[in-house]
Structure formats: structure tokens, C-alpha cells
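>
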């Protein structure tokens, strides 16, 4: 299943992405990287001489499966200074912490207290170039199909602040290292885990 595909190259621009029937993985190696929470380069280093696109190949991978699922979270706290997202239970106990990207000088994190409006797995992305200062000339409103290479990844957690959310990313290696357009960006696997334990009405605190 890991190597079955289909695999398609992903265009760099939004108009090109909008033409694809789905935003799946570009290669089997990319999919394996997400499955095992590791960069493709690390998987290659762990498996010298092995084919990472051949069915039946035995490979060494990080052990990321089998942990207990998290209980429901009562509050989400995103800290801009440490680039982290934390989940707390109703008693104030920390449940989990994740690295995130949290905005930029042009598009700062919207500091304040918000609510989650909804949780949407495998979302269709509604692209509006008017909302982005760096949109390419000639871009127009369009929809981009679901998939791990969708601009918001496999999860969109909608916030009560219009146009802002907590979401996944097609480029997990950039999380915590590059800027965002003001949203809170996690790896796809972290975004999926967060989306499974929050719900409409969950408190979200965004702090410096």
C-alpha cells in the first residue's frame, strides 16, 4: 500500500495545484516520511542500499506507533516565543506539546483568546489571493482538492478569528523553522492528533 500510489508531482503554484484531482504524495518516499514522522533523508540514511519504492522491502524506521491516544483537550495554548502548541485538560494538566510555525512580521499571530469553530479532516482548500500579500499576479479564487500536499495539509481547525486556523502542512520539515501567514502550522501527523482531541467550542489562547 505504501508504494501503490498514484504519485504525482506537485506544482509550486496554487493555480497548478487547483488542476490536480487530489493532492496526494509526490513519491512513495515522501509518504513513508510522513508515516514514520521522519525526513525522507533520514529514512535513506537508516536504509543504505535499500529500495524505498519496492513492495516487500524490509526497512528500519522510527518506532512511532502504538502509543495511547490522548484524552479530550479542554484548552489549546499557542506560544509565539517558543513556537509551541500545548494541549491541556479541564484540570489544567498538560497533555501534549508540539512544534509549530506561528506567523511572521507581515502576518503576526493574532494574540488573544479565541474558540474553535469546527474541525475538518482532509479539507478542500478555498484559495483567495486577496488574503495573501505574496499571491502571484494572475492568481484567482479557486479550490484545491484534499490530500497531504494540500496547502493546509490533512486537517483544518477553524478559529473564531476570521480566516485563521490551526492546520497541517505539505512541508513538515519547515515547521518551527519558517514563517506562516499568521495561522498555526503543524506537521500533518501532529495536526491530525490535535484535531482528534479538540472540538467546536474548545478554548484557544494565543500568547506572545
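Numbering (our numbering), first residue to last: 8 to 215.
Glycine included, each C-beta is placed from N, C-alpha and C at the ideal position.
Every value quoted in this text rests on a predicted model; they were computed, and no experiment measured them.
Under 6 Å Cβ to Cβ from residue 121, same chain only, skipping five residues before and after it: list those, please.
Only 166, 167, 168, 211 meet the Cβ criterion.
> State the start and end residues of the unbroken alpha helix (DSSP H) segment that holds residue 40.
Looking at the DSSP string, the run of the alpha helix (DSSP H) that includes residue 40 is 35 to 42.
> Out of 119, 16, 153, 71, state which residue places its alpha-carbon closest to the alpha-carbon of residue 87.
Taking only the C-alpha atoms, the option nearest residue 87 is 119.
> Spatial neighbours of residue 43 within its chain, please: C-beta separation below 8 Å, excluding the five flanking residues on both sides.
So the qualifying residues of the chain are 50, 68, 69, 71.
> Residue 104 by DSSP, collapsed to three states: which one?
Residue 104 falls in the strand class under three-state DSSP.
> Taking the beta strand (DSSP E) that residue 125 falls in, what are its first and last residues?
119 to 128 is the extent of the beta strand (DSSP E) around residue 125.
> What is the DSSP secondary structure of residue 193, counted as helix, strand or coil?
In this structure, residue 193 counts as coil in the three-state DSSP scheme.
> Just grab the DSSP bridge partners of residue 133 for me.
Partner(s): 150.
> Is it the case that the region 142 to 154 contacts the region 97 to 112, given that we only count it when at least three CB pairs across the two stretches are under 8 Å?
Too few Cβ pairs lie closer than 8 Å, so no.
> Please tell me whether residue 154 and residue 163 are closer than 9 Å, where the distance is taken between their beta carbons.
Not closer than 9 Å, so no.
> I'd like the list of long-range same chain contacts for residue 209, defined as Cβ closer than 8 Å, with 5 residues on each side in sequence excluded.
Taken in chain order, the residues that qualify are 80, 81, 82, 83, 122, 123.
> Can you tell me which residues form a DSSP beta bridge with residue 172?
Bridge partners of residue 172: 165.
> Label residue 196 either buried or exposed according to how many other C-beta atoms from any shown protein chain fall within 10 Å of its C-beta, with 16 as the threshold for buried.
Result: buried.
> Counting only runs of 3+ residues fully inside the region 65 to 115, write out the beta strand (DSSP E) ranges in chain order.
Segments of the beta strand (DSSP E) lying fully in the region 65 to 115: 82 to 86, 91 to 95, 101 to 106.
> Going by DSSP, what residue range makes up the beta strand (DSSP E) through residue 213?
Residues 210 to 214.
> My assumption, with CB atoms under 8 Å, is that residue 53 sits in contact with residue 191. Please give the rounded CB distance.
In fact, because the Cβ distance is near 30 Å, the residues do not count as touching under 8 Å.
> Mind checking whether residue 41 and residue 194 have CB atoms under 9 Å apart?
For residue 41 and residue 194, yes; Cβs fall inside 9 Å.
> Hey, could you find the ends of the alpha helix (DSSP H) residue 57 is sitting in?
From DSSP, residue 57 is part of no alpha helix (DSSP H); its letter is neither H nor E.
> List the endpoints of the continuous alpha helix (DSSP H) containing residue 45.
First-last for residue 45: undefined, no H or E at that position.
> Have a look at residue 66 and residue 114 and give me their C-alpha separation to the nearest angstrom.
Roughly 42 Å separates the two Cα atoms.
> Considering only residues of the same chain and omitting the five flanking positions on each side of residue 117, which have a CB-CB separation below 7 Å?
For residue 117, where only same-chain residues beyond five positions count, the Cβ hits under 7 Å are 168, 171, 189, 213.
> Residue 160 and residue 245 - do their beta-carbons sit closer together than 9 Å?
What is shown of the chain runs 8 to 215, which leaves residue 245 out entirely.
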